[in-house]
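Asker:
Residue numbers (the working numbering): 11 to 546.
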């Protein structure tokens, strides 16, 4: 094969250009220290470097999230600490208000301070973070957690889904606790009630009282008290009593003291019945000599055969009529008639009652949507004055009776839990109510104060637990931050090994490329000068 002068020239030129490019590249690598500058330099290393860079960027985002979480959790812990300080002060005031000898004027002054604490706690719970979001509303960050109702009670407006941020590939951390998880689950110690059993024309003269009761042991209360209520407490003398359950069984032997009490001794007149503590009070008046009548023979005649009912406070229901109802019929009341059905069927969020043709009605859990399924149903008989569904009986008007299309919204209020705002509100109201010289008002005052002290203690404990969870998360974030730093260092080392040059190797390579360039230059010069005339 014959090779022309032009072919020699072009081949030598291309080789010279290639060697020149290699020298430039070797010089660039030696100067910058970067080996993989394009994917063509090392496709496998380039792919790994891209993956490692993405991971590095993700670690940077995780570390940013950790900083955000630390700021949020630290702020929340500070707010909760202030709430607990306020609760502690309210507990001290409640103890003071329950002392004997405190006048209505003193209690009114205490009520004013309780009201200030109530406002302070409400403001703290409705605190916003640095971004203007409510901290304790869960995912509803634009809604204040609590709102004060017209009757002075409080309603939680957030949800129970706290926001969270990722701090690692498979780990997300909640930004805080919702007010619902902290306060709405705080146990109410005042879930029971008492009432004298009177046969007309007898009236309650206030000489013998039994407190509303306080939950002393939740486990015992939940497992046995509810099943046996209502109980009947019957006094056999001014120092003895008998307690029977709803089946008429005598359970006095279960109670410490076996049915004996001493109203003259501190703590000697308490009844501890299946996790609930009741206090007996005797105010028997004075004898002919003007002295207080004390337990014993004279007092037995006054106390004997007095009876009291001890029971669980029933849930209450609020019913609202939809303004667009075809009729003006009303649904009202609400009594738990089947506790088992109520516990298993009636939703915590409340229900919607919708009437159809011929008195048929269905219950739906709130919130109601077009896809909602009925959870209970029934038919209102002609002339009937009530309906029963999900274990609850409601009164219904008969003139007019509900028509097809009528709809009612029903909410249930349980006594199982009570948030700290409602506790403070109830305490403030009872302290504002005059009770001097009024035995009935004094008894209610003692009951509310005792319940408030227990509920404030429970709320304090709930918030302490929440603060503990915040601290645990902060510790976990510190550990994860260190782990992320270690991963980032490992990534940096690997990326350096893959993408950077070995300077000794780069120097050798540059020398080699320069030598090859020089050789190609000499060859190119000689070839470019070749001609047939050189042989003549």
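Glycine included, every Cβ here is placed at the ideal spot set by N, Cα and C. Every value quoted in this text rests on a predicted model; they were computed, and no experiment measured them.
1) Anyone know if the C-beta pair for residue 275 and residue 226 falls short of 8 Å?
2) Report the three-state DSSP secondary structure of residue 167 (helix, strand or coil).
3) What is the C-beta distance between residue 198 and residue 364, in whole angstroms, given that I count them as a contact (C-beta under 8 Å)?
4) Relative to the C-alpha of residue 370, which residue among 386, 357, 473 and 390 is closest?
5) Please name the residue in 468, 167 and 253 whose C-alpha comes closest to that of residue 8.
6) Give the single residue among 490, 480, 473 and 494 whose Cα lies nearest to the Cα of residue 184.
7) Enumerate in chain order the residues of its own chain whose CB-to-CB distance from residue 231 is below 8 Å, with the five nearest sequence positions on each side excluded.
8) Can you give me the Cβ contacts of residue 422 inside the same chain, cut-off strictly under 7 Å, excluding the 5 residues immediately before and after it?
9) Going along the chain, which unbroken runs of the alpha helix (DSSP H) with 4 or more residues stay wholly within the stretch 286-362?
10) Measure the Cβ-Cβ separation of residue 217 and residue 293 and say whether it is below 8 Å.
11) At the 8 Å Cβ level, is residue 311 part of the contact set with chain C, yes or no?
12) Would you decide whether residue 266 is buried or exposed? Buried here means 16 or more other CB atoms lie within 10 Å of its CB.
13) Can at least three beta-carbon pairs, one atom from the stretch 383-397 and one from the stretch 167-175, be found at a separation below 8 Å?
14) On the CB-based measure, 16 or more other CB atoms within 10 Å of its CB, does residue 545 come out buried or exposed?
15) Contact defined as beta carbons within less than 8 Å: I believe residue 288 pairs with residue 221. What is the distance between those atoms, to the nearest angstrom?
16) Kindly provide the ranges of any beta strand (DSSP E) runs that are 3 or more residues long and lie completely inside the stretch 257-287, ordered along the chain.
17) So for residue 425, helix, strand or coil by DSSP?
18) I'd like to know whether the C-beta atoms of residue 600 and residue 278 end up nearer to each other than 8 Å.
19) Among residues of its own chain, excluding the 5 on either side of residue 100, which ones have a beta-carbon nearer than 7 Å to its beta-carbon?
20) Which residues mark the beginning and the end of the alpha helix (DSSP H) in which residue 135 is found?
21) Closest by CA to residue 367, which one among 417, 403, 404 and 405?
22) Between residue 331 and residue 87, is the Cβ-Cβ spacing less than 8 Å?
23) Would you call the stretch 99-118 and the stretch 151-166 in contact, with 3 or more CB pairs under 8 Å?
24) Could you pull out every residue in the same chain whose Cβ sits closer than 6 Å to the Cβ of residue 513, ignoring the five residues on either side in sequence?
25) Starting from residue 432, follow the alpha helix (DSSP H) in both directions and report where the run begins and ends.
26) Please look up how many angstroms separate the CB atoms of residue 445 and residue 104, rounded, as I've assumed it's under 8 Å.
27) Under a three-way DSSP split, which group does residue 463 fall into?
28) So, using beta-carbon positions, are residue 247 and residue 346 closer together than 8 Å?
29) Return yes when the Cβ of residue 342 is within less than 8 Å of the Cβ of residue 404, no when it is not.
30) Would DSSP call residue 209 helix, strand or coil?
31) Please go through the same chain and pick out, in chain order, the residues whose beta-carbon is closer than 6 Å to the beta-carbon of residue 316, but skip the five residues on each side of it.
32) Label residue 76 either buried or exposed according to how many other C-beta atoms from any shown protein chain fall within 10 Å of its C-beta, with 16 as the threshold for buried.
33) Under 8 Å, do residue 321 and residue 240 count as touching if we go by C-beta distance?
34) Which residue's Cα is closest to the Cα of residue 440: 459, 449, 430 and 448?
35) Identify every residue that forms a DSSP beta bridge with residue 251.
36) Within the same chain, show all residues whose beta-carbon is closer than 6 Å to that of residue 143, passing over the 5 residues directly before and after it, in chain order.
Answerer: Here's the rundown:
1) no
2) coil
3) In fact, because the Cβ distance is near 32 Å, the residues do not count as touching under 8 Å.
4) 390
5) Within the shown structure, residues of the chain are numbered from 11 to 546, placing residue 8 beyond reach of any answer.
6) 480
7) 201, 225, 284, 285 and 286
8) 325, 327, 356 and 360
9) 307-313 and 349-355
10) yes
11) Looking at the structure shown, chain C is missing, and only one protein chain is on hand.
12) exposed
13) no
14) Low confidence applies here, because residue 545 scores a pLDDT of 49, under 50, leaving its location unreliable and the question unanswered by this model.
15) 5 Å
16) 280-283
17) coil
18) There is simply no residue 600 to check, as the chain begins at 11 and stops at 546 in what is shown.
19) 124, 127, 434 and 466
20) 114-135
21) 417
22) no
23) no
24) Because residue 513 sits at a pLDDT of 48, beneath the cut-off of 50, its placement in the model cannot be relied upon, and the following sentence gives the value as read from the coordinates. Nothing meets the Cβ criterion.
25) 430-442
26) Residue 445 to residue 104, Cβ: 15 Å. No contact.
27) helix
28) no
29) yes
30) coil
31) 218 and 245
32) buried
33) yes
34) 459
35) 245
36) 151
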